[in-house]
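Numbering (the working numbering), first residue to last: 209 to 341. In what follows, a single structure is set out as C-alpha cells and then discussed.
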Amino acid sequence: APINGYWRDIGRPGDLYLANMEMASRRPASMAPAGVDAEGPCHFGEGVRASSSRVRRSVIGRACVLDASLVDGCLLLDRTSVGRGAEVRGCILGEGCRIGAGAMLRDCVLGDGVTVSPGKALERTNLEAGASL
Numbered sequence: 209a210p211i212n213g214y215w216r217d218i219g220r221p222g223d224l225y226l227a228n229m230e231m232a233s234r235r236p237a238s239m240a241p242a243g244v245d246a247e248g249p250c251h252f253g254e255g256v257r258a259s260s261s262r263v264r265r266s267v268i269g270r271a272c273v274l275d276a277s278l279v280d281g282c283l284l285l286d287r288t289s290v291g292r293g294a295e296v297r298g299c300i301l302g303e304g305c306r307i308g309a310g311a312m313l314r315d316c317v318l319g320d321g322v323t324v325s326p327g328k329a330l331e332r333t334n335l336e337a338g339a340s341l
C-alpha cells in the first residue's frame, strides 16, 4: 500500500537535521523568544529562554536555555543549555545536554545528557549519551 505523508531516512545525523528543518518549515514560523536574534528559518519549542543570543537556520527544542551564545545550523533537543559565549555550529545535541561557557563545537553529534566543559573545543566529534568532557 502506498505511504501517505512524509518519510525520510534519518540514519545519518545530517538527515535528522534536514528532516527536522523540513517538518518545521511546514508549520507556521515560530516567534523568536525575547533575547534571540534569529536569522533564516528558525523554529523554537515552548519555554525557550535566551539572553543576547544569535540563532541561524536551527531548530531549538522545548525548554532550552541560550546564554549570550551562537547557534548556527543546529538541532537542539529539549532541555539543552548553551552557556555564555559558546558557539555551536552544524551540531545535533541530544536532550538535556549542557554546553559550558565559551565552548566551541563544530559538526558534532552529542547523545542525551552530554556535558561539555567551559572553554572546550570540539570538531567532528560524536559522544555517547551521558558523556562528559
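All residues carry an ideal CB built from backbone N, CA and C; glycine is no exception.
Output yes or no for whether 7 Å exceeds the beta carbon distance between residue i and residue j.
i	j	result
Gly302	Gly281	no
Leu313	Leu341	no
What's the C-alpha gap between residue i and residue j?
i	j	result
Ile307	Arg332	16 Å
Pro249	Arg264	7 Å
Gly327	Val290	12 Å
Cys272	Leu318	15 Å
Glu295	Pro210	43 Å
Val279	Ser260	12 Å
Phe252	Val324	23 Å
Asp320	Asn212	31 Å
Met239	Glu336	32 Å
Ala246	Ser266	9 Å
Leu285	Leu274	13 Å
Arg262	Gly269	15 Å
Ile300	Leu283	5 Å
Let me make sure I understand the geometry here. Which of the options has the alpha-carbon closest to that of residue i?
i	options	result
Ala311	Arg292, Val267, Gly243	Arg292
Ser277	Val244, Ala339, Leu330	Val244
Arg257	Leu284, Ala242, Val296	Ala242
Thr288	Ala339, Glu336, Ala246, Val322	Val322
Asn334	Cys316, Val324, Cys305	Cys316
Gly338	Ala246, Leu285, Cys305	Cys305
Step through the CB atoms of chain D and report whether any lies within less than 7 Å of the CB of residue i.
i	result
Pro210	No chain D is part of this structure, which consists of one protein chain only.
Secondary structure, beta strand (DSSP E): runs of 3+ residues fully inside the region 275-333: Within the region 275-333, the complete beta strand (DSSP E) segments of 3 residues or longer fall at 278-280, 295-297, 312-314, 329-331, listed in chain order.
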